[in-house]
Amino acid sequence: MIQVKVCGITTPEDALAALEAGADALGLNFVPSSVRALDDDSARAISAVAMGRAVRVGVFQNAPLERIRHCVEEIGLDVVQLHGDESPEYAAAIPFPVLKVLPASHALEQQARRYPKADLLIDHPTGGGSGETWNYEWALALVASGRRVWIAGGLTPENVAEAVRRAKPHGVDAASGLERKPGRKDPEKVRAFVSQARGALPARARPDPRGYFGGFGGRYVPEVLFPAVEELSEAYEALSADPTFWDELHSERASYAGRPTPLYFAARMSEDLRLRVYLKREDLAHTGAHKINNAVGQALIARRMGKRRVIAETGAGQHGVATATACARYGFECEVYMGEEDTVRQALNVFRMELLGATVHVVRSGSRTLKDAMNEALRDWATNVEHTYYLIGSTAGPHPYPRLVRDLQAVIGEEARAQILEAEGRLPDLLMACVGGGSNALGLFHPFYDDAQVRMVGVEAGGSGVERGPHGASLSAGSPGVLHGSLSYVLQDDAGQIFPAHSISAGLDYPGVGPEHALYKESGRAEYVPITDDEALDAFVYLSRTEGIIPAFESAHAIAELRRRAPGLPEGSLVLLNLSGRGDKDVAQARELLGRDR
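In structure tokens, the structure reads:
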């Protein structure tokens with residue numbers, strides 16, 4: 000979603016008006032010659048209003064470093080905007096996030112390379128506050144290179160939408176174009192500016208009001224569940240716009256869940272494959288997988304909704320463990336449904352859930368795997384809706400779950416995007432992740448969606464092979480159908496009966512996939528391919544011996560596909576692969592499959 004910065008805020012009243020309009024950032028001017036310049040007391044009052052609700056950007060021009068440090072630490076700023084002719088060395092010496100202003104010109108790319116770690120604000124050549132426009136398309140090359148680019152200069156409610164469509168920036172910035180008189184904002188202009196900026200590009204980040212991503216998604220649930228999903232939808236709509244919810248979640252992620260997770264350069268694998276391979280280490284998050292991102296977020300939602308009991312389904316057990324962990328953290332009663340076949344191959348995770356205080360219900364119906372566990376969880380929810388929260392583990396299920404879970408997992412890609420730019424100075428050529436229901440893959444893919452030069456490959460469970468079967472490759476070999484409250488790609492016969500899925504990986508052993516992945520497939524934005532059990536097992540051993548990292552069977556599918564396609568990629572291609580979880584849970588099964596001497 001396009002970010003909006005309202006610059007030149009001079010009063011707490013103008014700050015409140017901008018915040019109520021939905022501004023993401025406020026600019027506080029510390030340039031003495033500006034009509035919008037602030038003294039410290041005025042700036043401190045504005046900063047207090049914006050704290051926790053918007054990014055506070057201090058605008059400086061050739062100021063002493065001591066002055067910048069004072070304003071950041073004593074007044075309260077989040078970002079330092081450099082509006083003068085500050086040198087790259089000066090910018091690098093600032094120990095805070097930097098937004099460097101560059102004048103629009105044909106030499107933008109050359110100028111930008113001098114400030115490799117700063118975000119960029121491209122303004123009119125005559126400087127800020129001029130109210131004059133420029134050729135916004137000059138910023139396109141910088142945007143395409145992966146830099147986080149803002150545009151400013153002559154932007155108004157009347158022209159901002161066209162500027163966004165032409166430059167496709169990360170954000171827009173306006174000051175004089177939003178004023179009723181110099182230094183004072185017009186609330187109506189600010190509201191119109193935010194609305195026009197946000198509506199300029201297709202809202203691919205949100206499903207439509209009925210919960211559809213293109214032709215996929217929706218809400219196919221029994222009448223008894225309609226009040227529950229509608230209650231959740233209304234609650235999340237409100238919470239997703241509540242800065243205090245995201246502040247609390249950010250704090251919990253940092254102090255409890257172990258975020259941010261590292262981006263690791265896999266040197267030996269890179270040398271072997273003749274690529275540059277980075278692994279996003281979700282295996283190092285608390286509980287050993289990406290599942291904690293979603294579990295903590297939904298537990299906070301359940302608490303704000305006043306629920307006292309949480310239920311969940313699980314396949315490999317990682318979501319069950321993450322849910323039990325979050326319930327122990329926040330004091331919920333916890334019950335987890337797990338297929339009998341999965342309880343056998345993931346006995347360690349069953350014990351972990353019980354150790355954390357959860358009751359594990361063994362599901363013996365159907366194929367006795369994840370699909371059947373989800374069926375039983377939905378039945379439980381239908382009979383206990385008043386006090387029970389259903390904490391779905393993937394981007395599947397009825398609306399609003401696909402969007403909700405995606406939003407909570409998008410922290411993976413948001414972190415990875417910033418980390419790869421810091422490490423390499425550009426975006427990756429290729430993203431890869433395993434896909435079952437699809438939450439870890441969407442968590443990585445979604446923040447890169449608008450970066451058309453970045454290819455995305457999702458790797459499904461090929462099981463015994465999609466030609467022979469059985470397998471869990473819904474996108475590669477399935478067809479559109481309804482499963483667990485959502486229309487997406489599923490494994491089914493001509494009569495619509497669901498086929499049992501199979502995979503060496505319990506977490507990919509699911510006959511459906513989230514609807515946003517179905518949209519990515521149909522639109523061609525992402526490619527989806529299957530990997531067999533044998534290929535995944537080989538990759539499990541390969542990463543263990545090459546990098547000293549034992550991956551989950553799920554993640555091993557993505558490793559296997561990277562190994563398979565590496566010979567066809569240009570040498571030195573930059574690859575970012577999501578290592579969704581660690582392999583402790585799979586070691587006993589691998590030992591049996593491999594034999595002790597392998």
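Under numbering that gives the first Met the number 0, the first residue of the sequence shown carries the number 0, and numbering increases by one thereafter. Backbone N, C-alpha and C fix where the C-beta goes; we use that ideal spot for every residue, glycine too.
If you drop the 5 nearest sequence neighbours on each side, which residues of the same chain put their C-beta closer than 6 Å to that of residue i?
| i | result |
| --- | --- |
| Arg684 | Beyond the ends of the chain as shown, which are 0 and 597, falls residue 684; an answer cannot be given. |
| Tyr336 | Glu312, His360, Val362, Ala372, Glu375, Ala376 |
| Ser250 | none |
| Pro11 | Ala44, Ile45, Val48 |
| Val349 | Thr342, Val359 |
| Met455 | Leu430, Phe444, Ala525 |
| Arg597 | Here the model assigns Arg597 a pLDDT of 47, short of 50, so the residue's position is not dependable, and the following value carries that caveat. If we look at Arg597 and ignore the five residues flanking it on each side, it has no Cβ neighbours. |
| Arg102 | The sequence shown places Pro at residue 102, rather than the Arg named in the question. The residues are Pro124. |
| Ala298 | Ala325, Tyr329 |
| Pro226 | none |
| Tyr114 | Pro87, Ala90, Lys99 |
| Thr9 | Arg35, Gly182 |
Residues in the same chain with beta-carbon distance under 7 Å from residue i, minus the five sequence neighbours each way, listed in chain order, please.
| i | result |
| --- | --- |
| Leu231 | Pro399 |
| Ala202 | The predicted position of Ala202 is uncertain, since its pLDDT is 48 and thus under 50; a value taken from the coordinates is nonetheless stated next. Excluding sequence neighbours, Ala202 sits near nothing in its chain. |
| Ala16 | Lys184, Pro186, Val189 |
| Thr322 | Ala294, Val309, Ala311, Cys333, Val335, Leu390 |
| Pro242 | Gly51, Arg52 |
Are residue i and residue j closer than 8 Å when you measure CB to CB?
| i | j | result |
| --- | --- | --- |
| Leu576 | Met373 | no |
| Gly484 | Gly392 | no |
| Gly26 | Cys6 | yes |
| Glu521 | Gly213 | yes |
| Tyr527 | Gly457 | yes |
| Val574 | Asp428 | yes |
| Val54 | Asp23 | yes |
| Glu334 | Arg367 | no |
| Leu542 | Ile503 | no |
| Glu233 | Arg405 | no |
| Ile300 | Leu238 | yes |
| Gly436 | Gly365 | no |
Within the same chain, show all residues whose beta-carbon is closer than 8 Å to that of residue i, passing over the 5 residues directly before and after it, in chain order.
| i | result |
| --- | --- |
| Trp149 | Gln2, Lys4, Leu98, Asp118, Leu119, Leu120, Ile121, Pro168, His169, Gly170, Val171, Asp172 |
| Asp246 | Gly51 |
| His289 | Glu281, Gln408, Ile411, Ser438, Asn439, Gly442, Asn577, Ser579, Gly580 |
| Ala36 | Asn28, Phe29, Val30 |
| Arg590 | none |
| Thr545 | Ala265, Arg267, Met268, Asp271 |
Mapping the DSSP letters down to three states, classify residue i as helix, strand or coil.
| i | result |
| --- | --- |
| Leu141 | helix |
| Asn28 | strand |
| Met373 | helix |
| Arg205 | coil |
| Glu178 | strand |
| Lys279 | strand |
| Glu526 | strand |
| Thr313 | strand |
| Thr368 | coil |
| Ile67 | helix |
| Ala432 | strand |
| Thr155 | coil |
| Gly594 | coil |
| Lys584 | helix |
| Gly442 | helix |
| Gly484 | coil |
| Lys188 | helix |
| Gly461 | strand |
Can you name the start and end residues of the alpha helix (DSSP H) that residue i belongs to?
| i | result |
| --- | --- |
| Asn292 | 290 to 304 |
| Glu598 | There is no way to answer for residue 598, as the model of the chain reaches only from 0 to 597. |
| Glu413 | 410 to 423 |
| Ile558 | 552 to 564 |
| Val349 | 346 to 354 |
Could you check where the beta strand (DSSP E) with residue i kicks off and where it finishes?
| i | result |
| --- | --- |
| His360 | 358 to 362 |
| Met337 | 332 to 338 |
| Trp133 | Here Trp133 belongs to no beta strand (DSSP E), and DSSP marks it neither H nor E. |
| Leu578 | 573 to 578 |
| Lys4 | 2 to 5 |
| Ser393 | Counting along the chain, Ser393 falls outside any beta strand (DSSP E), and DSSP gives it neither H nor E. |
| Val78 | 78 to 81 |
| Phe59 | 54 to 59 |
| Asp122 | 118 to 122 |
| Ile548 | Ile548 -> no beta strand (DSSP E), and no H or E assigned at all. |
Between the segment 559 to 567 and the segment 490 to 499, do at least 3 Cβ pairs fall closer than 8 Å?
-> no
With contact counted as at least three CB pairs below 8 Å, one residue from each stretch, are the segment 543 to 555 and the segment 581 to 595 in contact?
-> yes
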